[in-house]
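Read the structure below first, then the notes.
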C-alpha cells in the first residue's frame, strides 16, 4: 500500500464516525505546541543563563531578539504566498524540518551575532511560519465554527506555556542551556513530522468534504459564492485598500508587541522584584491553565458577539496584564498577574488566527495572513526593546510597564471603528 492510499483510507475510515476536520484541528494544535521553541515564554527561561554564559546585557539580548525578529518578519508574506500556491502540508513539513535544525544550531551560539541569527531563524520558522500554516489550514476546514475551532487549536499554545518553561528550566539545570536546545529540536521532529506525513490534508474540498462538515447543498453561501465559500476572498491588494486591514493590523500589532514583552521579560522582572526564577517559570503553567479554561469561551464569543467588542475586551485585558505586572511583589500579586495574563493569552492567540479570514475570506488567506502576521511580528520584534533599555538605564521596569499600558487604550478605541469591508470600501458596521 502506498502512502497516499494509506492517507485516503484513514480519511474514509475516520469520516464514517466524525468530521475529519477535527483530526486536522488536533494536528494544528500540536503544531502550535511545537512552535514553543520560537515563542517568548520559552526564551524567557534562557535569558539569564545565556546572559551569564555569553556576558551580554539585557539591552544586547533584547536588541538582538528584536532585530532578528524584525528581519525574520519580512519573509512571512512570501510564506503566505507559498501556502496559497503549494498548500499548507508541503510548506509545513519543510518548516518543521528546518525548525528542528534551527533549535540544535541555536545551542552552539558562541556570541551575539550567532545568537541574533538563531533568534531570527527560530522566530521566523516557529512563531511566524508554523503558526501561520496552522491558522491557515483551520481557516480552510472551518467556517461557521471558525472561532471555536481557533480557540481549541490554540490550546496548543497554552499547553506550550504550561510545559516548555518548566521543562526547559529542568533541562537547563540537568544538562545546561546549550544541550537543552538539542532536545527541543529532536522533540519538534518526533511530535510533528509523522502527523504531517500521514494525516494532514490541505482543504476539505480536495477530499469531497466541506467546511464544518456541512454538506454543500445545506450551505447557501457555498452555492452563491458567499463569504463562507472557498471561492470568496479579497486579494492582498484589495485588502490593503481597505481601512479595515489597518485597524485589524494595529490592534494585533499592539497585542503582539506587548504580550511578547511580558513573555520575554517575565522571569527577569520577577527576579528583579524579589521572586525566584523558579516561581517565575511556574507562573507560565498557571497562565496556561487559565488560557485552557477560557479559550473555548473566547472562541465562542467571537462566533456570537460583534467582533469589535470582543477585540476591545482583549485589549482591556492586555492593559490589566501590564499594570498588574508592574506591581508584582510577592506570590499573591504574581498569582493575580498570572491569571490576568492567562486570559490575555487566550484572547491574543485566538484573535491572530480569527481576524483575517473573518474580514477578508479564505480564498487568498495565505498572502493576507502572511502580510498581517509580518506586521504582528514586527510589533513583537520591537516589544522587548523598551523594557530592556529602561532596565539598563534606570535599573527598573515599573515605569515603562505603566507607560506601555497606554497603547492598548489607544488601540481599543481604534477597533471600535472596525467595519465590514467591501471591494468598493462601502462599509457596514459589523
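Numbering (the working numbering), first residue to last: 4 to 433. Cβ atoms here follow ideal geometry from the backbone N, Cα and C, with glycine treated the same way.
Check the DSSP bridge columns for residue i and list the partner residues they point to.
{"i": "residue 307", "result": "Paired residues: none, contrary to the question."}
{"i": "residue 364", "result": "236"}
Could you check the C-alpha separation between residue i and residue j for me, to the nearest Å?
{"i": "residue 302", "j": "residue 358", "result": "12 Å"}
{"i": "residue 329", "j": "residue 273", "result": "10 Å"}
{"i": "residue 13", "j": "residue 22", "result": "12 Å"}
{"i": "residue 421", "j": "residue 266", "result": "28 Å"}
{"i": "residue 124", "j": "residue 108", "result": "10 Å"}
{"i": "residue 52", "j": "residue 392", "result": "19 Å"}
{"i": "residue 25", "j": "residue 135", "result": "18 Å"}
{"i": "residue 75", "j": "residue 259", "result": "15 Å"}
{"i": "residue 92", "j": "residue 408", "result": "39 Å"}
{"i": "residue 147", "j": "residue 306", "result": "8 Å"}
{"i": "residue 375", "j": "residue 82", "result": "12 Å"}
{"i": "residue 94", "j": "residue 152", "result": "21 Å"}
{"i": "residue 170", "j": "residue 291", "result": "14 Å"}
{"i": "residue 404", "j": "residue 416", "result": "20 Å"}
{"i": "residue 406", "j": "residue 62", "result": "18 Å"}
{"i": "residue 129", "j": "residue 96", "result": "12 Å"}
{"i": "residue 193", "j": "residue 33", "result": "11 Å"}
{"i": "residue 243", "j": "residue 361", "result": "15 Å"}
{"i": "residue 222", "j": "residue 423", "result": "Unreliable placement is indicated for residue 222, whose pLDDT of 47 sits below 50; no coordinate value is reported for it."}
{"i": "residue 20", "j": "residue 270", "result": "46 Å"}
{"i": "residue 311", "j": "residue 342", "result": "23 Å"}
{"i": "residue 154", "j": "residue 371", "result": "20 Å"}
If you run the structure through DSSP and keep just helix, strand and coil, what is residue i?
{"i": "residue 415", "result": "helix"}
{"i": "residue 236", "result": "strand"}
{"i": "residue 12", "result": "helix"}
{"i": "residue 137", "result": "helix"}
{"i": "residue 422", "result": "strand"}
{"i": "residue 331", "result": "coil"}
{"i": "residue 147", "result": "coil"}
{"i": "residue 59", "result": "coil"}
{"i": "residue 399", "result": "coil"}
{"i": "residue 113", "result": "coil"}
{"i": "residue 282", "result": "helix"}
{"i": "residue 213", "result": "coil"}
{"i": "residue 68", "result": "helix"}
Thinking residue i and residue j are a contact (beta carbons under 8 Å), I'd like their distance in whole angstroms, please.
{"i": "residue 133", "j": "residue 98", "result": "5 Å"}
{"i": "residue 318", "j": "residue 197", "result": "So it is not a contact: roughly 39 Å between Cβ atoms."}
{"i": "residue 36", "j": "residue 159", "result": "4 Å"}
{"i": "residue 139", "j": "residue 86", "result": "5 Å"}
Is the region 384-404 close to the region 66-76, with three or more CB pairs under 8 Å? Contact holds: three or more Cβ-Cβ distances are below 8 Å.
Any contact of the region 44-52 with the region 170-183, i.e. 3+ C-beta pairs under 8 Å? Using a C-beta cut-off of 8 Å, the region 44-52 makes contact with the region 170-183, since at least three inter-stretch Cβ pairs fall below that distance.
Pair every Cβ in the region 321-340 with every Cβ in the region 275-282, then say whether three or more of these pairs are closer than 8 Å. With a cut-off of 8 Å, the region 275-282 and the region 321-340 count as touching, because enough Cβ pairs lie within range.
I'd like to know if the region 237-255 and the region 362-369 are in contact, where contact means that at least 3 CB-CB pairs between them fall below 8 Å. Judged by Cβ distances under 8 Å, the region 237-255 makes contact with the region 362-369, as three or more pairs qualify.
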